[in-house]
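Residues in the sequence shown are numbered consecutively from 158, following the working numbering.
Ideal placement from N, C-alpha and C gives every residue a C-beta, glycine not left out.
Worksheet for the structure shown next.
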Amino acid sequence: MIRSRKGTTIEIISTDAEGRMTLADALDYAAEFKPQAVVDLATLTGSCVIALGENVAAGYFCNDEPLAQKVDEASRASAEKLWRLPLYPEYREKIQTNYADVKNTGGRYGGVGTSAVFLQEFTSYPWAHWDIAGMAQDGIGASALSPLGHPPYSIRGGTGFGVRALVSLARNW
């Protein structure tokens with residue numbers, strides 16, 4: 158059991174879910190700056206890779222419709238595929254616990270959704286979370302992937318996925 162920066166008590170179910178713990182405090186800290194919106198990018202869950210595939214698309218969650226429209230526009234303009242996933246209330250039920258305000262994981266099923274609603278607990282502003290786990294690394298390299306539609310600058314290793322979409326989002330804010 159730990160207490161977050163916000164004061165929320167969190168039951169630690171999985172120590173492998175450490176990324177969301179760090180991000181939760183960062184999202185709470187961001188509120189001090191009274192942002193118009195916050196977009197976070199993280200290689201948060203393997204379940205997003207399972208849902209959307211490796212090197213196909215990143216999933217994103219958003220608690221604000223105007224921001225979601227801007228993210229969709231940035232995705233199209235940058236050719237970086239982002240697919241919106243739902244913040245269903247049932248995901249929140251999966252992180253309820255009798256021992257704390259929330260637990261840090263909802264179990265095996267729906268992990269990408271439960272991780273997003275966990276993060277949403279720490280936001281008080283328009284927010285989008287991009288789970289880029291399936292897009293952050295390219296293990297094959299451009300020579301093999303270019304005929305399949307990957308950009309010619311794609312190389313083996315870190316892809317920098319999300320940078321072009323973030324730039325597009327900022328330019329069109």
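Per DSSP, what kind of secondary structure is Phe-218 in: helix, strand or coil?
strand
Burial state of Ala-102 (16 or more Cβ within 10 Å):
As shown, the chain starts at 158 and ends at 330. That puts residue 102 outside it, with no answer to give.
In this structure, does DSSP put Leu-323 in helix, strand or coil?
helix
From Glu-250 to Met-158, what does the alpha carbon distance come to, in whole angstroms?
19 Å
In chain order, what are the residue ranges of uninterrupted alpha helix (DSSP H) at least 4 long that sit wholly in the region 229-308?
246-251, 268-277, 299-302
So, using beta-carbon positions, are Val-195 and Thr-262 closer together than 8 Å?
no
Sub-8 Å separation of Thr-316 and Ala-290 beta-carbons
no
Name the two residues that bound the continuous beta strand (DSSP E) containing Thr-179.
That residue, Thr-179, is in no beta strand (DSSP E); its alpha helix (DSSP H) goes 175-187.
Where Thr-271 and Tyr-248 are concerned, what is the direct C-alpha to C-alpha distance, given to the nearest angstrom?
5 Å
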